[in-house]
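K.L.:
Take this structure, written in structure tokens, and hold onto it; I'll ask about it next.
Chains as they are written, first to last, in my numbering: chain A, 5 to 376; chain B, 549 to 1022.
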């Protein structure tokens, strides 16, 4: 049988690596073996003797599935440069992670694949490639310094993006491409490197929807533009709100994300913005515009729901979701950054251990009886 | 008039798919008589009794082979021979539910002669004490893993405190189908057994918890019991672990069980279908409890089935020539039971199923599959309803990873605990922290470890933590 032969081969090489004291390489080799066999060959040693079919591969694979349409759309909207950003992110991210794993001798975890995808999809299409590399190196590095997947306190993808926002504010916030529009451009980005390569200066967009709202002389895009992403200049993954919603619904269906974080965050942001728009319509858009513009939907479904850095209790998730929604809207209206969802998530991450601590549910049991 | 409860359920839990090798709907068959039985003199958590036979003695099925003086501090019942034959050996062996105990080994003579109990003329006129005595003499013990002798489990020591008799007629453990089948086939005995048990408890209120996927039984129960005002029939969602004492009492009565407590602490006695039938057979037919129903099931079993099995039958007798491959043999429950390597381990009164699972198989890129035949708490697999038998191997289905705090264990926990933290604290010796999070409220259903995508052995960690705390306090 092929798989048995393959398994013996993996075992033998692993054994040889260990015999030569190449522990770091052995860890990487083990990682490759685990990704091929997916843990199917490992047996439960204690009860329960049957286990749920979900493993970390499938668990972390689900956000990737949700991101595939977004990644394809980003190639269409912004040309093959988008793919270059994604591929570069994966290469650098893996290099950093593997280095850490080999040195620290801990297993390679599947979270890396999600982190890289989410990071790449949250970047502007115009970002110089070297900045992309710096950002993901920072993101993975900081995660590994805290102990790797499961021990990091900040969402890695978001911390990488936040680093870029602070280090290269103008590259991150001022240049945007007008995406290819399926109604006029045919195969669009599938035939070109970037919008700029075809249209030249015309491809530079005036502003993202949030930027348009903040500057009085640029017209706000209408709802249809926001939903479809046709003609909406934004980050790679968040251009088309419909695709983000589709991915989000898929993740909700799989239970990989919890509606108490994602939906609650979206609704609370919408309600807060709607309410504040009555008070100061110049600073705060109406609820629907607030929800559909910027990276709110994308972040609510994919970043905020990162299990490691969001609370695990039910009540904690409610608090976290509401907090993130409110913080995002307040930050957008009251600070110098147009999009604040990044910082809202980072602040939420900081509160996560505290929220978890104070929202432990009460067990369904009466106190022990003192017997005789 | 019987009160009809509404459709009830509890927070958390999981609906298992139908695993391959589940003998659902298979009629009860009488297992061939074993050549040899091994009868442990300790049942469940009860005290070990002294043997009253010697090596070489001839015994009949139903004859008492070991007994203690009744003692409320050390509850026990007489232990009976389950086949007729000769006592060949009395020796210490490991008990299938853990620990060591004295066992009587009987070699069959193939005649199957019986020694019955004294049969009273009219059981409906018996006093609670008289019924309690018969149940005690017949060795009718609770079917749950606790296995307390009925005379004490039903708290005859404090009969005034018992207010409810709860009948657990819902089986939600994967692979355990035999007790459900018993309910269908011995419906009369079941219903009359309920009446007898109620009589033994001094006419308390009876609550029957029945799965709502058993509409026929429900209608028949209503037909038989609707004129009694002491009876409430509840339809429950068939969600694991609805059959657990703590969960069942909470669902039916809304009463919380104390930590480290038993049903009797809140005035309840919980009995399952097998107990009701055994009580009827003891009181009306004079038959001691030496035969129970057992599902022989699992993915490594050629022909899964439901059997009437004599207590003490070695599991090898049920499984030999019925195994497809060498599998992992588990007694009782695949979720919280114990794997058994010894084919000589005997069936005891507490064991509703013997399950043989295929060992983990190597698969190339299992992540790529659509998973029609996989059972999962999440929706990441297309567990379509028309693929009826879900794969059941001992595979972890994933690589062990650090906890990502996905919260599935919190979602499924029927006791509203945080298993991830309990496991982490227990494994790292933070025992007082674990106790603050109500470690002892855990009913050890095993669901948290089942759903964990990081494959953390939460059940094992929690049990270890409990063990350490009990050791320290002792």
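Glycine is no exception: its CB is placed at the ideal position from the N, C-alpha and C atoms.
Below 7 angstroms CB to CB, which residues in the same chain sit around residue 815 (chain B) once its five sequence neighbours on both sides are set aside?
P.N.:
Counting from 1 along the second chain, the entry for residue 815 (chain B) is found at position 267. So the list reads 709, 710, 711, 712, once near-sequence residues are dropped.
K.L.:
Chain B beta carbons: is any one of them nearer than 9 angstroms to that of residue 257 (chain A)?
P.N.:
Working through the first chain from its first residue, we reach residue 257 (chain A) at position 253. Yes, its Cβ sits closer than 9 angstroms to a Cβ of chain B.
K.L.:
Does the beta carbon of residue 775 (chain B) come closer than 9 angstroms to any beta carbon on chain A?
P.N.:
Translated into the one-based positions of the second chain, residue 775 (chain B) becomes position 227. No, residue 775 (chain B) does not count as interfacial toward chain A.
K.L.:
Less than 9 angstroms between the beta carbons of residue 591 (chain B) and residue 720 (chain B), yes or no?
P.N.:
Here residue 591 (chain B) corresponds to residue number 43 of the second chain, with the count starting at 1. Here residue 720 (chain B) corresponds to residue number 172 of the second chain, with the count starting at 1. Not closer than 9 angstroms, so no.
K.L.:
Taking buried to mean at least 16 other C-beta atoms within 10 Å of its own C-beta, is residue 20 (chain A) buried or exposed?
P.N.:
Residue numbering aside, residue 20 (chain A) sits at position 16 when the first chain is read from its first letter. Answer is exposed; the Cβ neighbour count stays below 16.
K.L.:
Can you list, in chain order, the residues of its chain with a C-beta nearer than 8 angstroms to that of residue 166 (chain A)? Leave out the 5 residues immediately preceding and following it.
P.N.:
Position 162 of the first chain, counted from the first residue, corresponds to residue 166 (chain A). The residues are 346, 347, 350.
K.L.:
What residues from chain A crowd round residue 966 (chain B), counting only those whose CB sits closer than 8 angstroms?
P.N.:
Taking the second chain and counting its residues from 1, one reaches residue 966 (chain B) at position 418. Within chain A, the residues near residue 966 (chain B) are 316, 317, 364, 365.
K.L.:
Would you kindly work out how many angstroms separate the C-alpha atoms of residue 282 (chain A) and residue 223 (chain A), rounded to a whole number?
P.N.:
Your numbering for residue 282 (chain A) matches position 278 in the first chain. Your numbering for residue 223 (chain A) matches position 219 in the first chain. Cα to Cα, the separation comes out at about 20 angstroms.
K.L.:
Would you grab the beta carbon distance between residue 107 (chain A) and residue 35 (chain A) for me? Rounded to a whole angstrom, and I think it's under 8 angstroms.
P.N.:
Numbered from 1 along the first chain, position 103 holds the residue referred to as residue 107 (chain A). Numbered from 1 along the first chain, position 31 holds the residue referred to as residue 35 (chain A). With a Cβ gap of about 14 angstroms, residue 107 (chain A) and residue 35 (chain A) do not count as contacting.
K.L.:
Cβ of residue 615 (chain B) less than 9 angstroms from any chain A Cβ?
P.N.:
Stepping through the second chain from its first residue, residue 615 (chain B) is reached at position 67. Answer no: the Cβ-Cβ gap between residue 615 (chain B) and chain A never drops below 9 angstroms.
K.L.:
Return the Cβ separation of residue 569 (chain B) and residue 882 (chain B) in integer angstroms, given the expectation that the two are a contact with Cβ distance under 8 angstroms.
P.N.:
As a working note, residue 569 (chain B) is residue 21 in the second chain. As a working note, residue 882 (chain B) is residue 334 in the second chain. With 8 angstroms as the limit, residue 569 (chain B) and residue 882 (chain B) do not qualify as a contact, their Cβ atoms being about 11 angstroms apart.
K.L.:
With burial defined as no fewer than 16 other Cβ atoms inside 10 Å of the residue's Cβ, what is the status of residue 1022 (chain B): buried or exposed?
P.N.:
Numbered from its first residue, the second chain carries residue 1022 (chain B) at position 474. It is exposed - the Cβ of residue 1022 (chain B) has fewer than 16 other Cβ atoms within 10 Å.
K.L.:
Where do the ends of the beta strand (DSSP E) carrying residue 577 (chain B) lie?
P.N.:
Numbered from its first residue, the second chain carries residue 577 (chain B) at position 29. It spans 576 to 578 - the beta strand (DSSP E) in which residue 577 (chain B) sits, taken as one unbroken run.
K.L.:
With distance defined between alpha-carbon atoms, name the residue in A:29, A:44, A:246 nearest to residue 11 (chain A).
P.N.:
Mapped onto the first chain, residue 11 (chain A) falls at position 7. If we check each option's Cα against that of residue 11 (chain A), A:44 comes out closest.
K.L.:
Is the beta carbon of residue 876 (chain B) closer than 9 angstroms to that of residue 856 (chain B)?
P.N.:
Taking the second chain and counting its residues from 1, the one referred to as residue 856 (chain B) is at position 308. Taking the second chain and counting its residues from 1, the one referred to as residue 876 (chain B) is at position 328. Result no, Cβ atoms of residue 856 (chain B) and residue 876 (chain B) do not sit closer than 9 angstroms.
K.L.:
Look at residue 268 (chain A) and residue 320 (chain A) and say whether their C-beta atoms are less than 9 angstroms apart.
P.N.:
Position 264 of the first chain, counted from the start, is the residue given in the question as residue 268 (chain A). Position 316 of the first chain, counted from the start, is the residue given in the question as residue 320 (chain A). No, the pair does not count as a contact, with Cβ atoms beyond the cut-off.
K.L.:
Going along chain B, which residues have a C-beta under 8 angstroms from residue 22 (chain A)?
P.N.:
Here residue 22 (chain A) is taken as the residue at index 18 of the first chain, counted from 1. Under the 8 angstroms cutoff, chain B gives no residues; its nearest Cβ is about 18 angstroms from residue 22 (chain A).
K.L.:
So, does the CB of residue 703 (chain B) fall closer than 9 angstroms to a CB anywhere in chain A?
P.N.:
By one-based count along the second chain, residue 703 (chain B) stands at place 155. In this prediction, residue 703 (chain B) has a pLDDT of 43, which is less than 50 and means its spatial position is unreliable; what the coordinates show is noted afterwards. Closer than 9 angstroms: no.
K.L.:
By the 10 Å Cβ neighbour count, where 16 or more other Cβ atoms means buried, how is residue 607 (chain B) classified, buried or exposed?
P.N.:
Taking the first residue of the second chain as position 1, residue 607 (chain B) is located at position 59. With 16 or more Cβ atoms within 10 Å of its Cβ, residue 607 (chain B) is classed as buried.
K.L.:
I want to know whether the region 129 to 147 of chain A touches the region 162 to 176 of chain A - three or more CB-CB distances under 8 angstroms.
P.N.:
Flag = yes, the region 129 to 147 of chain A and the region 162 to 176 of chain A touch.
K.L.:
On a Cα-Cα basis, can you pick out the residue from A:68, A:305, A:253, A:214 that is closest to residue 119 (chain A)?
P.N.:
Counted from its first residue, the first chain places residue 119 (chain A) at position 115. Here the closest residue by C-alpha is A:68.
K.L.:
Taking only beta-carbon atoms, is residue 10 (chain A) less than 9 angstroms away from chain B?
P.N.:
Indexing the first chain from 1 puts residue 10 (chain A) at position 6. Answer yes: the Cβ-Cβ gap between residue 10 (chain A) and chain B drops below 9 angstroms somewhere.
K.L.:
Consider the Cβ of residue 849 (chain B): report whether some Cβ of chain A lies at a distance smaller than 9 angstroms.
P.N.:
Along the second chain, one-based indexing puts residue 849 (chain B) at 301. No, no contact with chain A.
K.L.:
Output, in sequence order along the chain, the residues in the region 46 to 67 of chain A whose CB is closer than 8 angstroms to any CB in chain B.
P.N.:
Those residues of the region 46 to 67 of chain A that come within reach of chain B (Cβ to Cβ, closer than 8 angstroms) are 46, 47, 48, 49, 50, 51, 52, 53, 54, 55, 56, 57, 58, 59, 60, 61, 62, 63, 65, 66.
K.L.:
Mark residue 701 (chain B) as exposed unless 16 or more other C-beta atoms lie within 10 angstroms of its C-beta, in which case mark it buried.
P.N.:
By 1-based counting over the second chain, the position of residue 701 (chain B) is 153. With a pLDDT of 49 at residue 701 (chain B), under the threshold of 50, the modelled position of this residue cannot be trusted, and the question is left open.
K.L.:
Specify whether the region 195 to 203 of chain A and the region 67 to 86 of chain A touch according to this definition: at least 3 beta carbon pairs, one from each stretch, less than 8 angstroms apart.
P.N.:
These segments touch.
K.L.:
Distance, Cα to Cα, residue 959 (chain B) vs residue 560 (chain B)?
P.N.:
For the purposes of this step, residue 959 (chain B) is taken as the residue at position 411 of the second chain. For the purposes of this step, residue 560 (chain B) is taken as the residue at position 12 of the second chain. Those two C-alpha atoms are separated by around 6 angstroms.
K.L.:
Taking just the CA atoms, how far does residue 1004 (chain B) sit from residue 264 (chain A)?
P.N.:
The residue labelled residue 264 (chain A) in the question sits at position 260 within the first chain. The residue labelled residue 1004 (chain B) in the question sits at position 456 within the second chain. Near 25 angstroms, if we compare the C-alpha coordinates of residue 1004 (chain B) and residue 264 (chain A).
K.L.:
To the nearest angstrom, report how far apart residue 693 (chain B) and residue 357 (chain A) are at their CA atoms.
P.N.:
To locate residue 693 (chain B), count along the second chain from 1; it is residue 145. To locate residue 357 (chain A), count along the first chain from 1; it is residue 353. Its pLDDT being 49, under 50, residue 693 (chain B) is placed unreliably by the model, and the measurement read from it follows with that caveat. The straight-line gap from Cα to Cα measures roughly 38 angstroms.
K.L.:
Apply the 10 Å Cβ neighbour rule to residue 775 (chain B) and answer buried if 16 or more other Cβ atoms are within range, or exposed otherwise.
P.N.:
The residue you call residue 775 (chain B) lines up with position 227 of the second chain. Exposed, since its Cβ has fewer than 16 Cβ neighbours within 10 Å.
K.L.:
Which same chain residues end up closer than 8 angstroms to residue 656 (chain B) when comparing Cβ atoms and leaving out the 5 residues on each side of it in sequence?
P.N.:
On the second chain, residue 656 (chain B) is found 108 positions in, with the first residue counted as 1. 581, 582, 583, 584, 585, 631, 632, 633, listed in sequence order.
K.L.:
Assess, as a yes-or-no matter, whether the region 915 to 924 of chain B is touched by the region 20 to 29 of chain A under the definition of 3 or more beta carbon pairs within less than 8 angstroms.
P.N.:
Not touching, per the Cβ criterion.
K.L.:
Nearest by alpha-carbon distance to residue 364 (chain A): which of A:374, A:323, A:337, A:53 is it?
P.N.:
Counted from its first residue, the first chain places residue 364 (chain A) at position 360. Residue A:323 is the option with its Cα nearest to residue 364 (chain A).
K.L.:
Which term fits residue 578 (chain B), buried or exposed, when burial requires 16 or more other beta carbons within 10 angstroms of its beta carbon?
P.N.:
Locating residue 578 (chain B) in the second chain gives position 30, counting from the first residue. The residue in question, residue 578 (chain B), is exposed, as its Cβ has fewer than 16 Cβ neighbours within 10 Å.
K.L.:
Which word fits residue 549 (chain B), buried or exposed, when buried means at least 16 other C-beta atoms lie within 10 angstroms of its C-beta?
P.N.:
In the second chain, the residue the question calls residue 549 (chain B) occupies position 1. Any reading at residue 549 (chain B) is ruled out, since the residue's pLDDT is 43, under 50, leaving its predicted position unreliable.
K.L.:
Decide if residue 728 (chain B) is buried, meaning its Cβ has at least 16 other Cβ atoms within 10 Å, or exposed.
P.N.:
The count along the second chain starts at 1 and reaches residue 728 (chain B) at position 180. Result: buried.
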